[in-house]
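A quick write-up on the structure given underneath.
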Amino acid sequence: MQRITILGATGSIGASTLDVLARHPDRYRVHALSAHGRVEELADACHRFKPARAVVGTPDAAERLAALLEGLDIQVDHGEQALCEIASSSETDTVMAAIVGAAGLAPTLASARAGKKVLLANKEALVMSGQLFMDAVRENGATLLPIDSEHNAIFQSLPATYARDPQAAGVARILLTASGGPFLKRAVDTLEAVTPDEACKHPNWVMGRKISVDSATMMNKGLEVIEAHWLFGAPAELIEVVIHPQSVIHSMVSYTDGSVLAQLGNPDMRTPIAHALAFPERIASGVSQLDLTDMAALQFYKPDFERFPCLALAFDALRVGGTAPSLLNAANEVAVQAFLECEIGFRDIDRVIAEVIDAVPHGPASSIEAVLAQDARAREAAHGVIARLRG
Ligand code: NAD
Ligand code: MG
């Protein structure tokens, strides 16, 4: 029996994870579930999966949840300390890190420090903490398995013995595929006016609103380039972004002998989730088998860095290193939130990020405290830029 904690159980990844777990009650037991505000949805999941613990964001939410769980033996808590506890508890083996954004850093890091099997969806946590996170994984014997579909595909396309050394494994390039999002073909001069709902309408995936906007700006791919750098020990020059609008090939690894290995499948996050849960075994995920003859064509293009300036900003931040990626991430989170609340336009997102990166000096990412301090400075600077743009 594998015991699981799900951080962010009410989100899109959280729901897909619960869907896979429900198919295998003989293999998995839920130890703890967390959510931020969606108390009713968390209560439903608690009634179905009967975890020992549930964690929400605020005392008020905890009170409402406790009322909804009356009669069940479930300990209800709130706040970051409680999230870190359920992520590191001796009563859990595996942690699904599926909180969105920097809010997931502390509990995800706690799970690595406790030597858990960490299923990483929360890419922002790794982008922020990079080397520090990878060190925590290594020093504490944690197992890190990527849930992001591209990184899961790359992981599956690398040799089982891969030790974060592309050269030693004969890896020539990591080919990170990208759908290009909803605005791949839209006239660039109309992007200024797109609405949050248009930006969240992804052609192939149904996801949370933050990552959906990131997909529309292609910052999502930028964050994934940085994520791939840390997960696979690959320098920026080895990571190539390939636009593939059908999202059937989830990413590829090309080798020095000319071989290219890929992982394919229908675009459904239950596949990488089931892969990581059962690794190295395979279990049913509920995803239908891919029918290649049913497909018109698979297309591939080079990305247009002028249409998608966020992708260029992310490559730059990776090359600069240190706390530059945490500045990028924090400015992006604030800008995306402001866009979703209709405070700024779509094209203002990359303007805010570029200004913050220019204005806030970056430094070495020597400790988590240094990273969090940079995150706070970047957020403050981003709010300043947004206030000016609105004024
Ligand atoms: P979502 O918005 O649907 O869900 C986010 C979850 O995090 C919810 O359970 C929410 O309650 C919780 N949460 C939000 N703010 C929080 C806070 N301040 N403190 C604690 N918990 C908080 O997001 P999602 O689409 O499921 O994405 C989750 C993560 O997985 C993101 O990092 C995203 O980039 C990554 N990811 C998602 C997909 C996808 O298909 N949805 C694919 C790859 C990677
Ligand atoms: Mg992805």
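For reference, each letter of the sequence shown is one residue, going 904 to 1294 in my numbering.
Note that beta-carbon positions come from the ideal geometry of N, C-alpha and C, so glycine has one too.
All values reported here derive from a predicted model rather than from experimental measurement.
beta-carbon residue i near the ligand MG non-hydrogen atom, thresh 7 Å
| i | result |
| --- | --- |
| Glu1027 | no |
| Asp1051 | yes |
| Glu1236 | no |
| Glu1127 | yes |
Own chain, CB closer than 6 Å to residue i, minus 5 neighbours either side, in chain order
| i | result |
| --- | --- |
| Asp980 | Val958 |
| Val1145 | Leu1078, Thr1080, Phe1203 |
| Pro1170 | Asn1107, Trp1108, Ser1150 |
| Phe1058 | Pro1049 |
Given residue i as reference, the closest of the options once Cα atoms are compared
| i | options | result |
| --- | --- | --- |
| Asp929 | Asp963, Asp1261, Glu1283, Phe952 | Phe952 |
| Leu1216 | Leu1231, Gly911, Asp1197, Pro1206 | Leu1231 |
| Asp1117 | Arg1250, Ile1142, Val998 | Arg1250 |
| Ser915 | Ser991, Ala1024, Asp1278 | Ala1024 |
| Tyr1044 | Arg1016, Gly917, Met1031 | In the sequence on display, residue 1044 carries Gly and not Tyr. When each option's Cα is compared against that of Gly1044, the closest is Arg1016. |
| Pro1228 | Met1122, Leu945, Pro1069, Arg1067 | Met1122 |
| Ala1056 | Ala1119, Thr1098, Ser993, Leu1134 | Leu1134 |
| His1265 | Cys1245, Val1223, Ala1063, Ile909 | Val1223 |
| Gly1083 | Cys1103, Thr995, Asp976 | Cys1103 |
| His1286 | Ser1269, Ala1268, Ile1247 | Ile1247 |
| Ile977 | Leu1275, His934, Ala1139, Glu943 | His934 |
| Pro1206 | Thr1064, Asp1197, Ser1115, Lys1088 | Lys1088 |
Contacts around residue i, its chain only, beta-carbon distance under 8 Å, and the 5 residues preceding and following it disregarded
| i | result |
| --- | --- |
| Ser1060 | Ser1154, Met1155, Val1156, Leu1164, Ala1165, Gln1166 |
| Pro1062 | Ala1072 |
Distance cut-off 7 Å: residue i Cβ against heavy atoms of the ligand NAD
| i | result |
| --- | --- |
| Arg941 | yes |
| Arg967 | no |
| Ile1146 | no |
| Ser1154 | no |
| Lys1124 | no |
Unbroken alpha helix (DSSP H) run spanning residue i, endpoints
| i | result |
| --- | --- |
| Lys1113 | 1112 to 1120 |
| His1178 | 1173 to 1181 |
| Ala1102 | 1099 to 1102 |
Any non-hydrogen atom of the ligand GTP within 7 Å of residue i CB
| i | result |
| --- | --- |
| Glu1101 | The ligand GTP is not part of the structure shown, which contains the ligand NAD and the ligand MG as its ligands. |
Residue interval of the beta strand (DSSP E) (run including residue i)
| i | result |
| --- | --- |
| Ala935 | 931 to 937 |
| His1153 | 1152 to 1158 |
| Glu1143 | 1142 to 1146 |
| His981 | 978 to 981 |
Other residues of its chain near residue i: CB distance less than 7 Å, five sequence neighbours each side excluded
| i | result |
| --- | --- |
| Arg941 | Thr913 |
| Ala1137 | Pro1069, Ile1077, Ala1131 |
| Cys949 | Leu936, Ala957, Leu972, Leu975, Ile977 |
| Thr961 | His981 |
Neighbour flag for residue i against chain B, beta carbons, 8 Å
| i | result |
| --- | --- |
| Pro1170 | Among the chains in the structure shown there is no chain B, since it carries only a single protein chain. |
Point to revise | Stretch pair the region 1209 to 1226 + the region 1243 to 1260: three plus CB contacts closer than 8 Å | key: yes
Point to revise | Contact between the region 1128 to 1136 and the region 1277 to 1289 (3+ Cβ pairs under 8 Å) | key: Here the region 1128 to 1136 does not lie against the region 1277 to 1289, with fewer than 3 beta-carbon pairs under 8 Å apart.
Check your understanding: Touching or not, the region 1232 to 1244 and the region 998 to 1006, by the rule of three or more beta carbon pairs under 8 Å?
Key -> yes
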